[in-house]
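Peer 1:
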Amino acid sequence: FSFEKNILKKIRETSSQVLMKDKAKRLKNLKGSFKAEHPEKVKGRNIILIDDVSTTGATIYEASSVLKKAGARLIIPIVVAR
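Residues in the sequence shown are numbered consecutively from 4, following our numbering.
So, in structure tokens, the structure goes:
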């Protein structure tokens, strides 16, 4: 087990999602907003992805998609609040 920070990087600004309740709108808002900053640290690894708040799961979904494309083997999402 190792802890790595800054694995994901936000590469474009997105609209605030606070008032955006529709999951499809949130997914569209987040599409292409992250990149795997260090894909070599992700490839073949199991990743625990921590998010502070999840309303629709859109951020976890988009971040997981990026990590999977970078070669992550398994993504385990943990959300602090809902």
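By construction, the Cβ of each residue, glycine as well, lies at the ideal position given by its N, Cα and C atoms.
Does the contact criterion of 3 or more C-beta pairs under 8 Å hold for the segment 13-27 versus the segment 59-74?
Peer 2: Yes: the two stretches touch, three or more of their Cβ pairs being nearer than 8 Å.
Peer 1: Excluding the 5 residues preceding and the 5 following residue 78 in the sequence, name in chain order all residues of the same chain whose CB lies nearer than 7 Å to its CB.
Peer 2: Sequence index remark: in the sequence shown, residue 78 carries index 75 (1-based). Within the same chain, residue 78 has close Cβ partners 50, 52, 67, 70 and 71.
Peer 1: Keeping to the same chain, check which residues put their C-beta closer than 7 Å to that of residue 44; ignore five residues upstream and five downstream.
Peer 2: In the sequence shown, counting from the first residue as 1, residue 44 sits at position 41. So the list reads 7 and 10, once near-sequence residues are dropped.
Peer 1: Among residues of its own chain, excluding the 5 on either side of residue 65, which ones have a beta-carbon nearer than 8 Å to its beta-carbon?
Peer 2: Here residue 65 is taken as the residue at index 62 of the sequence shown, counted from 1. Once the five neighbours on either side are set aside, the close Cβ partners of residue 65 are 30, 33, 34, 36 and 37.
Peer 1: Strictly by DSSP, which residues pair up with residue 80?
Peer 2: Numbered from its first residue, the sequence shown carries residue 80 at position 77. Partner(s): 52.
Peer 1: Figure out for me which residue from 25, 4, 26 and 39 has the closest Cα to the Cα of residue 13.
Peer 2: Within the sequence shown, the letter at position 10 stands for residue 13. Selected option, being the one with the closest Cα: 39.
Peer 1: Which partner residues does residue 75 have in the DSSP bridge list?
Peer 2: By 1-based counting over the sequence shown, the position of residue 75 is 72. Residue pairing for residue 75: DSSP places it in no beta bridge.
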